[in-house]
Every structure is written in structure tokens, then in C-alpha cells.
Amino acid sequence: MELVQTAAKKYSDYQEIIDTGTTAQLDYYVNRLRDKKIAMVNATSYGGGVAEILHSMVPLARDMGLDMEWRVIQGADEFYNVTKDMHNCLQGQEGSLSEEAQNIYLKYNELNAAAAKDWHYDYIIIHDPQPAGLIEFLKTKSDARWIWRCHIDTSTPNQEYWSFLYQYISQYDACIFTMEDFVNEKEKFHNLTFITPSIDPLSTKNTPLDEEEVRRIIARFGVDIHRPLISQISRFDPWKDPLGVIDVYKMVKKDFPSVQLALVGSMASDDPEGWDYLYRTLRRAGEDYDIKIITNFNGVSNLEVNAFQTASDVLLQKSLREGFGLTVSEGLWKGTPVIGGNVGGIKYQIEEGVTGYLVDTVEDCAEKVLRILRNPTLAQEMIVAGKERVREHFLITTHLLNYLKLLDSFDGPPVSN
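To convert, take the position in the sequence shown, counting from 1, and add 414; that gives my numbering.
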């Protein structure tokens, strides 16, 4: 398994942003866990919210004095095709889990476990379904505490897929979900915990940019800086509903003809379906040159994402299912009103009518976009409230603190197989 190298972070840089209470608690738990070794394990080192969080959390934890490493499992296309189907079906998509798919999933988890046979960690935190099966092959060989972190909305899963995964996650010493609604009350988990994801306010994606730089960056992609802009920053994924976003834009344009749309997304290594959905999005956009569809393969990095989120008049996150949706907090932190799907963790971030709007339909979304575009005073009120909500609840420092509290809480022997 690959050991991921990250850029350095300095804990001292965050002191002006976080409150003294958070600082005191972080110092306390870091001191208690200083002699422990912690592993974060997921499926990819780039693309998607989990990798983004770990690129900030791991080096920050290390600078604070914690021994934390990040490892990524290895797999081939057949494995990622299976786990993408698993991801979709755990969020409610119909489908049947074949015996061949089960064997592929277990084969790659076993191969990765063989590469990890000499691990010596006190805590192993496994992110999402892809590496969840590692525990089947490593638990009896390790004295570590195993924690499974679910980042997706499993409130109404495809039961065939859920039953298969549950036989592995039920072995974990603790399970973390984003919110209580994602957990089936009939299932039994050891040490069930709820932790929301976060943004890094000092990452390239979230630090303030000069207005001229913002304009220069978005103009490079053909955006007219003198006209209103709607953007959605997301993977090209059916659950993110980029096709619905284009429909919203078309409705808004009838009443607000100067509006432009940017769909900005990263193509991740563990998401083979993404390319197919990108092509579908391009077809839906057609020859409308006011729709800009941009990915990391034509020049978008975190800096460009920052610029689009900063420059936009309205940000959308029109998800149909969503574990959390980090782009919501990113937009609020930059002072941009956000309209999100009334689902999952988006509901935690947006206070209806205060920091943005929650919507269920294309028509409702278009109406809320028009309301913000026509009311600058309302937009300004949302900007102030949104940034403060993120500061209080959704920064990387609070996220790390919640992990440390969980690790420090373990008492007694690990769960046995």
C-alpha cells in the first residue's frame, strides 16, 4: 500500500482563526495521544473530499506532535468498477451484487492486506467501502483499534450491497457516520460516533485571493467577468446532478439572460463512471457557450476552484444524495450564497433562508437563484451568516479534535472477530 506524502502544515498558522477553547482541547488530546501511532487508509490520494481532508489533516496532526500516516490501497479497474457500483448502491441505487463482484472486492482487499502484514499501528481509520474489507484479513494479526469512517449517505441503501458490507464493518471497534440519519437503527455498531467533515481555511482552495487574480483566473476559461456567474463545483456524478444544474441555468436564463454557468469538477482515479457522466454533461450543454465545463484535465487545480467559488454570484450543490458536500462550506467560507439539495449533510451546513437555501426540484432551485441575483442585500446577509457558521462548526481543526476525542475514549480490549 502506498504511503502518501503530503505538503507541510503549521499548527501555529491556525491560531488566529480558531477560538481559545478549541486550542486548549487540541493541546490536551494531542498530549494524551502523543505516543500512539495512527493510520488513515482510503482509496485515492487525489480527487474527492476524503483525499482533500487528509491532505490537510495528516500534516497538521504531524506538526502538532502526533504520529499519523496516510496510506492508499492499490487496485485495478475491475476493483474500482465494483466499488463505484457499491458506492452508488449503498446510496440507494438499484442493482444486484454478483458473486464475481464480491470475489473481486475481497481479492483486492486481501492483496492489500498482505502488503500490510507488518503494520504496527495503535489506531487504523478506514475510510469508506473500498478498503473496509481489510479488517477481514488483518484484524486477528493486529492489536490496533479499527475505526470505519463512512462518508456517504447510507440512509436507504440497496440491502444486498449493505448486507455484504455490514459483515465487515460490524467487526470494527468504532464506526463514524456524518449524521444519525445515515444509520439504520436496526444495525448494531460498536462505539457509534457522528463527525462532520470539514474544510481547511488555509489550503490553497480556501485562502483569500486578490480580486484581480480571481478575475484573471476565471477569464482564462472564457468567463465574462462583467456578467453574473452561477457555478457548481463537483465530480461529474449522477448524485451531484450536473444535468439538473444545466436545467436550472436554462430556466434562470429566460428571466436573467446575462447569466453564465460554470461546472467545475475533478476526475478521480477511483471513479471510472465519472468520464461517462462528463460526456453526458457535455451533451446536455450542447453549443451554449455560456456554459463552461472544466476539469483538472484542462487546467483546474485548487487555486482555480477557489477563484470560481469566490467569483460566483451563486454557488449550487444540487445533489440528489450527499454524504456531506464540502463545497457548501467552501462557498460559505468565501462569502458566496449557496443553494443546495435538501439532502444529507448539506442540511447541516445550510440554514434555510439564513446562509442559503435548500431545494428539492429544478424549479425551486431556479426560483431561489433568481431571488438571490435580484436581491443584493439578501445576498450580503447570507454571506455574513454563512462564514460564521463554517467557523463555528466545519473547520479542519474542529474535525481533528473530534477524531482525537474518539481515539482517546477507547477502554478495554479491541472487538474480537
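For each residue, glycine too, the CB sits at the ideal point set by N, CA and C.
From a predicted model like this one, the values you see are computed outputs, not experimental measurements.
Pull up the distance between the alpha-carbon of residue 727 and that of residue 749, whole angstroms please.
On the sequence shown, residue 727 is found 313 positions in, with the first residue counted as 1. On the sequence shown, residue 749 is found 335 positions in, with the first residue counted as 1. Cα to Cα, residue 727 sits roughly 10 Å from residue 749.
Rounded to a whole number of angstroms, what is the C-alpha to C-alpha distance between residue 455 and residue 557?
One-based indexing of the sequence shown puts residue 455 at position 41. One-based indexing of the sequence shown puts residue 557 at position 143. Straight-line Cα distance between these residues: approximately 17 Å.
Any beta strand (DSSP E) of 3 or more consecutive residues that is wholly inside the segment 590 to 665:
Listed in chain order, they are 606 to 608, 643 to 647.
For residue 736, is the classification buried or exposed, using 16 other Cβ atoms within 10 angstroms of its Cβ as the cut-off for buried?
Sequence index remark: in the sequence shown, residue 736 carries index 322 (1-based). Buried, because 16 or more other Cβ atoms sit within 10 Å of the Cβ of residue 736.
Secondary structure at residue 709, three-state DSSP: helix, strand or coil?
Locating residue 709 in the sequence shown gives position 295, counting from the first residue. If DSSP states are grouped into helix, strand and coil, residue 709 belongs with the strands.
Would you say residue 724 and residue 798 are within 8 Å of each other, going by their C-beta atoms?
On the sequence shown, residue 724 is found 310 positions in, with the first residue counted as 1. On the sequence shown, residue 798 is found 384 positions in, with the first residue counted as 1. Not closer than 8 Å, so no.
CB of residue 767 within 8 Å of CB of residue 593, strictly
The count along the sequence shown starts at 1 and reaches residue 767 at position 353. The count along the sequence shown starts at 1 and reaches residue 593 at position 179. No; because the gap between Cβ atoms is not below 8 Å, this pair is not in contact.
3 or more residues per run - each beta strand (DSSP E) lying fully within the segment 724 to 754:
Counting whole runs of 3 or more residues, the segment 724 to 754 contains the beta strand (DSSP E) stretches 728 to 731.
Please classify residue 501 as buried or exposed, where buried requires at least 16 other C-beta atoms within 10 Å of its C-beta.
Position 87 of the sequence shown, counting from 1, holds the residue named residue 501. Buried is the call here.
Express the C-alpha separation of residue 688 and residue 680 in angstroms, rounding to a whole number.
The residue you call residue 680 lines up with position 266 of the sequence shown. The residue you call residue 688 lines up with position 274 of the sequence shown. So the two alpha carbons sit approximately 9 Å from each other.
Hey, which unbroken runs of the alpha helix (DSSP H) at 4 residues or more fall wholly within the segment 500 to 588?
For the segment 500 to 588, whole alpha helix (DSSP H) runs of length 4 or above, ordered along the chain, are 513 to 529, 548 to 552, 573 to 583.
Going straight from the alpha carbon of residue 446 to that of residue 440, what length do you get?
Position 32 of the sequence shown, counted from the first residue, corresponds to residue 446. Position 26 of the sequence shown, counted from the first residue, corresponds to residue 440. Each residue's alpha carbon lies about 10 Å from the other.
Residue 456 - containing beta strand (DSSP E), residue span:
Position 42 of the sequence shown, counting from 1, holds the residue named residue 456. Annotation for residue 456: the continuous beta strand (DSSP E) segment containing it runs 451 to 456.
Can residue 583 and residue 561 be called in contact, C-beta distance under 8 Å?
Taking the sequence shown and counting its residues from 1, the one referred to as residue 583 is at position 169. Taking the sequence shown and counting its residues from 1, the one referred to as residue 561 is at position 147. In this structure, residue 583 sits away from residue 561, with a CB-CB distance that is not shorter than 8 Å.
Per DSSP, what are the beta-bridge partners of residue 771 in this structure?
Position 357 of the sequence shown, counting from 1, holds the residue named residue 771. Partner(s): 753.
Host beta strand (DSSP E) of residue 766 (start-end)
As a position in the sequence shown, residue 766 is number 352, starting the count at 1. That residue, residue 766, is in no beta strand (DSSP E); it is neither H nor E in DSSP.
Per DSSP, cross-strand counterpart(s) of residue 481
Reading the sequence shown from its first residue, position 67 is the one you call residue 481. BP columns for residue 481 point to 451.
In three-state terms, what does DSSP make of residue 679?
In the sequence shown, counting from the first residue as 1, residue 679 sits at position 265. In this structure, residue 679 counts as strand in the three-state DSSP scheme.
Option in 449, 476, 495 with minimal Cα separation from residue 690:
Within the sequence shown, the letter at position 276 stands for residue 690. Closest by alpha carbon: 495.
Let me check understanding here. Comparing Cα to Cα, which of 793, 449, 575 lies closest to residue 507?
As a position in the sequence shown, residue 507 is number 93, starting the count at 1. Selected option, being the one with the closest Cα: 575.
From the DSSP output, which residues share a beta bridge with residue 486?
Sequence index remark: in the sequence shown, residue 486 carries index 72 (1-based). Per DSSP, 416, 456.
Continuous alpha helix (DSSP H) stretch holding residue 693: start and end
Numbered from 1 along the sequence shown, position 279 holds the residue referred to as residue 693. Looking at the DSSP string, the run of the alpha helix (DSSP H) that includes residue 693 is 687 to 699.
Would you say the segment 481 to 496 touches the segment 452 to 466, given that touching needs at least three Cβ pairs under 8 Å?
Two segments are said to touch when three or more pairs of C-beta atoms, one from each, lie closer than 8 Å; by this definition the segment 481 to 496 touches the segment 452 to 466.
Assigned secondary structure, residue 429 (DSSP; H/G/I helix, E/B strand, else coil)
Walking along the sequence shown from the start, residue 429 turns up at place 15. Note: residue 429 maps to coil in three-state DSSP.
How big is the Cα-Cα spacing for residue 646 and residue 781?
Within the sequence shown, residue 646 is the residue found at index 232, counting from 1. Within the sequence shown, residue 781 is the residue found at index 367, counting from 1. Residue 646 and residue 781: Cα-Cα distance of roughly 17 Å.
Residues near residue 734 in its chain [Cβ-Cβ closer than 7 Å; skip 5 each side]
In the sequence shown, the residue the question calls residue 734 occupies position 320. Within the same chain, Cβ atoms closer than 7 Å to the Cβ of residue 734 are found at 653, 655, 755, 757, the five residues on either side in sequence being excluded.
Within the same chain, show all residues whose beta-carbon is closer than 8 Å to that of residue 721, passing over the 5 residues directly before and after it, in chain order.
Walking along the sequence shown from the start, residue 721 turns up at place 307. Leaving aside the five residues that flank residue 721 on each side, the residues in its chain whose CB is nearer than 8 Å to its CB run, in chain order, 623, 627, 628, 631, 632.
Reference residue 472, options 811, 822, 820, 825, closest by Cα
Here the question's residue 472 lines up with position 58 in the sequence shown. Among 811, 822, 820, 825, the Cα nearest to that of residue 472 is on 811.
Ignore the nearest five residues each way along the sequence and tell me which others in residue 718's own chain have a CB closer than 7 Å to its CB.
Here residue 718 is taken as the residue at index 304 of the sequence shown, counted from 1. Taking residue 718 as the centre and dropping the five residues before and after it, the same chain places the C-beta of 631 closer than 7 Å to its C-beta, in chain order.
N- and C-terminal bounds of the alpha helix (DSSP H) containing residue 783
Working through the sequence shown from its first residue, we reach residue 783 at position 369. Boundaries of the alpha helix (DSSP H) harbouring residue 783: 776 to 788, taken from the DSSP string.
Any idea if residue 588 is buried or exposed, counting beta-carbon neighbours within 10 angstroms, 16 or more meaning buried?
As a first step, residue 588 is located in the sequence shown; it is residue number 174 there, counting from the start. When all chains shown are included, residue 588 counts as buried.
Alpha carbon to alpha carbon, how far is residue 428 from residue 548?
Translated into positions along the sequence shown, residue 428 becomes position 14. Translated into positions along the sequence shown, residue 548 becomes position 134. Straight-line Cα distance between these residues: approximately 35 Å.
Return the residue from the list 535, 532, 425, 662 that minimises the CA-CA distance to residue 477.
Your numbering for residue 477 matches position 63 in the sequence shown. With distances taken between Cα atoms, residue 477 lies closest to 425.
I'd like to know whether the C-beta atoms of residue 675 and residue 708 end up nearer to each other than 8 Å.
Walking along the sequence shown from the start, residue 675 turns up at place 261. Walking along the sequence shown from the start, residue 708 turns up at place 294. Going by beta carbons, residue 675 and residue 708 fall outside the 8 Å limit.
Does the Cβ-Cβ distance between residue 818 and residue 615 come in under 8 Å?
Within the sequence shown, numbered from 1, the residue matching residue 818 stands at position 404. Within the sequence shown, numbered from 1, the residue matching residue 615 stands at position 201. Contact: no.
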